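Visitor: Whatever position you read off the sequence shown (first residue = 1), add 883 for the numbering used here.
All C-beta atoms in this analysis are idealised placements derived from N, C-alpha and C, irrespective of residue type, glycine included.
Model, not experiment: these values are computed from the prediction.
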Amino acid sequence: MPDQIMFQEDAYVVLETNQPEVFLTAAELLEKLKVILAAQQEDLPRELQHLTSVEEQAQYLMENSCELDTEPGEYLQWYVVRLEK
Numbered sequence: 884m885p886d887q888i889m890f891q892e893d894a895y896v897v898l899e900t901n902q903p904e905v906f907l908t909a910a911e912l913l914e915k916l917k918v919i920l921a922a923q924q925e926d927l928p929r930e931l932q933h934l935t936s937v938e939e940q941a942q943y944l945m946e947n948s949c950e951l952d953t954e955p956g957e958y959l960q961w962y963v964v965r966l967e968k
């Protein structure tokens, strides 16, 4: 049976085009995704179009993806990291 620590989320490392990497909590990443998605409602990825609220869209992305193209040639990527052993 896998160790439960493998499923703990301490933080996310977030990578953006032309920006240094940053560490965000789950709540901070959720807010960042909500801001980006609110500005992109006309051009949402297909997997988000059936979700009605920005909150649902951001939560879905956090749980099921690790990348969002924000504009042509620009991206946002996030990865779960564990900060302690």
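1. According to DSSP, is residue 959 helix, strand or coil?
2. Less than 8 Å between the beta carbons of residue 894 and residue 917, yes or no?
3. Taking DSSP as the reference, what is the three-state secondary structure of residue 914?
4. Excluding the 5 residues flanking residue 949 on each side, which residues of the same chain have their C-beta closer than 8 Å to its C-beta?
5. Look up residue 930 in the DSSP assignment and say whether it is helix, strand or coil.
6. Assign residue 904 to one of three DSSP states: helix, strand, or coil.
7. Please name the residue or residues paired with residue 898 in a DSSP beta bridge.
Guide: The relevant details are as follows:
1. strand
2. no
3. helix
4. Excluding its 5 nearest sequence neighbours in each direction, residue 949 has C-beta neighbours in its own chain below 8 Å: 960, 961, 962, listed in chain order.
5. Annotated three-state conformation of residue 930 is helix, per DSSP.
6. Coil.
7. 960
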